[in-house]
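Q: Taking mature numbering (1 follows the signal peptide of the UniProt record, and there is no 0), I'd label the letters of the sequence shown as residues -21 to -1, 1 to 709. The beta carbon of each residue, even a glycine, is placed where N, CA and C say it ideally should be.
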Amino acid sequence: MKIYHYLLVVFILFHFNNASGQTTEPISWSKNSGEKSNSTPPDFCGTDFFHKERMKDDINYKAKHVQTFKSLRKTYGQQKTSVNGVVQIPVVVHIMHVGEAVGTGTNISDEDVRRGIKNLNNYWRKVAGTIGFGEGVDMKIEFALAVQDENGNVTNGIDRVDMSGVPAYVSNGVNRRETGGIANYLPGGEVNSLKEYSIWNTRKYYNVWLINKIDNKNCSSGESFTAGYANYSAAHGRLYDGTVVLICTYLNDASYIWAHEMGHAFNLPHTFDNDDPDTGTCGDDNIIDTPKHIRTSSIRPSIYRDCGNTDANDCDLSFNQIINPDTGFRRNSGTHQDHMHNYMDYTGCASEFTGGQRQVALAALNNDRASFLTSEALTPPEIATVDFTAETTAVCIGSALTFTETSTGTPNSYTNEKYDDITFLWTFDNGTDTPYTSTDQNPSITFNNPGVYDVTLSVTNTHGTTRATKTDYVIVSPNTVTGMGTCVISSTNNGNNFRNGVTRISFNTLKNRTSTFIPNNALHDFVCSKGTKLEANKSYDLKIDYRARPGGRQFLEAWIDWDNSGSFDTSNTNGVNERVLADDIAESSKGQALVSVVPPATAVRNTILRMRVVSEYDKSPILCGNGRGQRADDYGIYVMDDVLSTNDFTKSDSRLRIAPNPVQDYLNISLDNVDEIKGYQVYDISGKKVMSNSKVTQKGIEVLNLSNGFYFLKIKTITGREFTGKFIKE
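1) Have a look at proline 390 and proline 359 and give me their C-alpha separation to the nearest angstrom.
2) Does threonine 698 pass the burial test, meaning 16 or more other C-beta atoms within 10 Å, or should it be called exposed?
3) Starting from histidine 44, trace the beta strand (DSSP E) in both directions and tell me its first and last residue.
4) Compute the Euclidean distance between the alpha carbons of aspartate 419 and threonine 158, then round it to the nearest angstrom.
5) Does DSSP classify tyrosine 176 as helix, strand or coil?
6) Grab me the residues of cysteine 375's own chain with a C-beta within less than 8 Å of its C-beta, minus the 5 sequence neighbours each way, in chain order.
7) Where does tyrosine 283 sit, in a helix, a strand or coil, going by DSSP?
8) Could you tell me the distance, in whole angstroms, from the CA atom of glycine 259 to the CA atom of threonine 205?
9) In whole angstroms, what is the alpha-carbon distance linking alanine 342 and asparagine 500?
10) Below 7 Å CB to CB, which residues in the same chain sit around tryptophan 179 once its five sequence neighbours on both sides are set aside?
11) Where in the stretch 449 to 524 do unbroken runs of the alpha helix (DSSP H), each at least 4 residues long, occur, reported from the N-terminal end onward?
12) Look up lysine 10 in the DSSP assignment and say whether it is helix, strand or coil.
13) Does lysine 192 come out as helix, strand or coil in the three-state DSSP assignment?
14) Which one or two residues does DSSP pair with methionine 670 in a beta bridge?
15) By how many angstroms is the C-alpha of isoleucine 523 removed from the C-alpha of leucine 683?
16) With 16 other CB atoms within 10 Å as the buried threshold, where does glycine 704 fall?
17) Let me check understanding here. Comparing Cα to Cα, which of Thr495, Phe308, Lys105 lies closest to valine 65?
18) Mapping DSSP to helix, strand and coil, what is serine 277?
19) Okay, do the stretch 517 to 536 and the stretch 557 to 565 touch, 3+ Cβ pairs below 8 Å being the bar?
20) Could you have a look at serine 199 and say whether DSSP puts it in helix, strand or coil?
21) At a threshold of 6 Å, does lysine 667 count as lining the ligand PLP (C-beta to nearest heavy atom)?
22) Report buried or exposed for isoleucine 664, applying the criterion of at least 16 other Cβ atoms within 10 angstroms of its Cβ.
23) Closer than 7 Å by C-beta to asparagine 487: which residues in its own chain qualify, once you throw out the five before and the five after it? Chain order, please.
24) For the stretch 305 to 321 against the stretch 82 to 98, are there 3 or more C-beta pairs whose distance is under 8 Å?
25) Please tell me whether asparagine 151 and glycine 160 are closer than 7 Å, where the distance is taken between their beta carbons.
26) Between the C-alpha atoms of proline 69 and tyrosine 184, what's the straight-line distance to the nearest angstrom?
27) Can you look up residue 715 in the DSSP assignment and give me helix, strand or coil?
28) What span of residues does the beta strand (DSSP E) with histidine 239 cover, start to end?
29) Look up tyrosine 211 in the DSSP assignment and say whether it is helix, strand or coil.
30) Locate the beta strand (DSSP E) running through serine 692, then write down its first and last residues.
31) Residues in its own chain within less than 7 Å of phenylalanine 367 by CB, not counting five upstream and five downstream?
32) For phenylalanine -6 and isoleucine 137, what's the separation of their Cα atoms in angstroms?
33) For the alpha helix (DSSP H) that lysine 97 lies in, which residues bound it at each end?
34) Taking 7 Å as the cut-off, decide whether the C-beta atoms of asparagine 672 and threonine 450 are in contact.
35) What do you reckon, are the CB atoms on aspartate 613 and arginine 589 nearer than 7 Å?
36) Are the Cβ atoms of phenylalanine 122 and isoleucine 96 separated by less than 7 Å?
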């Protein structure tokens, strides 16, 4: 069972570095070693500024906040165990764009918004296999986009607001320090502040505003910047309640900024609350299982990203507490390890909340935020319109593939927790083996049998059941992906991040945002987890976004191993140049490379081929060998024939019976005592496939949606034989 709640957030403007080493400002690059400096830029937090303003000007806010925080006096200890239930909070995201088309610039796509929600839940729910899986607790609180709007209609929880007609916002974003942007909130009078342009009922929905700039700065400003801000629970129900987040940090999968803001929303102070680094005054959040300390970002010499640091924490040398009552994990080192992994510190090593912090957050939910217990924002207002996506549609045998439910009117927190009165049933059928099934909302399926799979999803809510089938949706290749042998790519700067290189790729159904972090061997290998299917001799646009750092140009190349030889060649075994793209941009700039790619007729079929996208600083990449700051991303490409051959057009086997012919609705087919029919494909007069299925139903083949005209039918039998016939749709 899931209880529906709403969330609120503390005003905090924050400059952060994330756990993967990505930073909010460029890092100096030594000409000799290529290593990043260990300097840490200053952190900026607006919590005290905005909170003090509210405490001074709003008597009711002050009274509620004082009452709430009187109870926060070391009363929430780690001895309490976790609750059984998981609380969901409905969120509405306002995209405050500047007039771009959907999916470009500041007007980010629906997919990007949903990915941000998923990333937030990775941190708060401590999801295994993600960057949020640390030593701390599962907060038992998660977030989902609203599915019912204020008028009771279906919504996707995404509100797009065109701010292109507001010059101050376009030029400078939102103002915090009188820098020429618009105000955050100004009550009364004309609409002249951010939250007046769009806000939903703050007692039913948690409002989030995605913006491009704060004080005319963002991730691309080349200096420290403010990344977001929010409100404590004392602001519950007020017209200014909610969180403001920079779009560039929202899109950064490795950034925990929004997770930090949500902590404030549920009354979590900074773990170093009221510290003073200049005087050496220690801070404390009054939660028993976090130590007294000075913010990690101000410790000198810097230990901001030194996640294994064991220097003594002189503020609390005797700290000894179980920080995770679910596992019994204890922190008692008396070093900075006791605090520098906490999301509410200013640290490059954040990975955990504590049991005490969970108790504080749950108290905020059940007191100040209690009106969200009865919100209908996550209750489907009508029957679902079913849809889904997959990470890739071509996968290696034995690989796990995650499917994401994207139906209209169905809440999704991407954690596979159950809902009241909503169920899911997935079927994955290759027409030969026993189908795989799942009742998870977003299942991960390991395909141990090769074949072409139809995928069906049925969604049931209080309004009824609907389903959708995508035929031939997933191809599981029976062959192992060819390795690169001795061709090993590497970089002098493995394990570093200079915020240059590839950030996004789009190629047919393949859509992927990438980190600029350089991993071991300088390679992210997505061959069996992210890829796409291509038809031979058909053109596809390959688009790659990338950026350069100061001091040198950025070079980009893309290669596809069309002959599956295990190497990338300018002239492969068939004389084909496997480099499909080469581009470069000037220093400190961003670019998008675009090229049309046509799989050659000689490309290997029916197996996963390797595509490599590689970028390097100040010179062309080295595909086999060591570069200075290069990074490669490998993807899977599956080339298939999806048109009839010339010979197929002339075939018409008399043993294949088709009736009625001409046909209007259902086409019945049978074989004269030859074999059992397994599946079929329908092609138009040009030879293009327009329908397919892995099996034939008792009603036959439904052709109602085909245009009138002449068609070819190819059927396959359970023994692998093929027969071709012709029919007319009228």
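A: Here's the rundown:
1) 8 Å
2) exposed
3) Element bounds for histidine 44: not the beta strand (DSSP E) but the alpha helix (DSSP H), 38 to 49.
4) 48 Å
5) Helix.
6) Val455, Ser456, Thr459, Val460, Val506, Cys507, Ile587, Gly615
7) coil
8) 25 Å
9) C-alpha separation (whole angstroms): 46 Å.
10) Val71, Glu129, Asn186
11) none
12) Because lysine 10 carries a pLDDT of 27, less than 50, the predicted location of this residue cannot be relied on, and no value is offered for it.
13) coil
14) Val661
15) Cα to Cα, the separation comes out at about 40 Å.
16) buried
17) Lys105
18) The answer is helix: DSSP assigns serine 277 an H, G or I state.
19) yes
20) coil
21) Absence of the ligand PLP is noted for the structure shown, with no ligands found whatsoever.
22) Classification for isoleucine 664: exposed.
23) Thr511, Leu513, Tyr519
24) Using a Cβ-Cβ distance cut-off of 8 Å, the stretch 305 to 321 and the stretch 82 to 98 are not in contact, since fewer than three pairs of beta carbons, one from each stretch, lie closer than that value.
25) yes
26) 6 Å
27) Nothing in the structure corresponds to residue 715, since the chain is present only between -21 and 709.
28) In the DSSP assignment, histidine 239 falls outside any beta strand (DSSP E) and within the unbroken alpha helix (DSSP H) covering 236 to 244.
29) coil
30) The identity of residue 692 in the sequence shown is leucine, whereas the question assumes serine. Secondary structure note for leucine 692: its beta strand (DSSP E) is the uninterrupted segment 688 to 696.
31) Within the same chain, phenylalanine 367 has close Cβ partners Phe382, Thr383, Glu384, Thr385, Leu436.
32) Because the pLDDT of phenylalanine -6 is 43, which lies under 50, any placement of that residue in the model is unreliable, and the number read from its coordinates should be weighed accordingly. Their Cα atoms are separated by approximately 26 Å.
33) 89 to 103
34) yes
35) yes
36) Their beta carbons are under 7 Å apart, which means phenylalanine 122 touches isoleucine 96 by this criterion.
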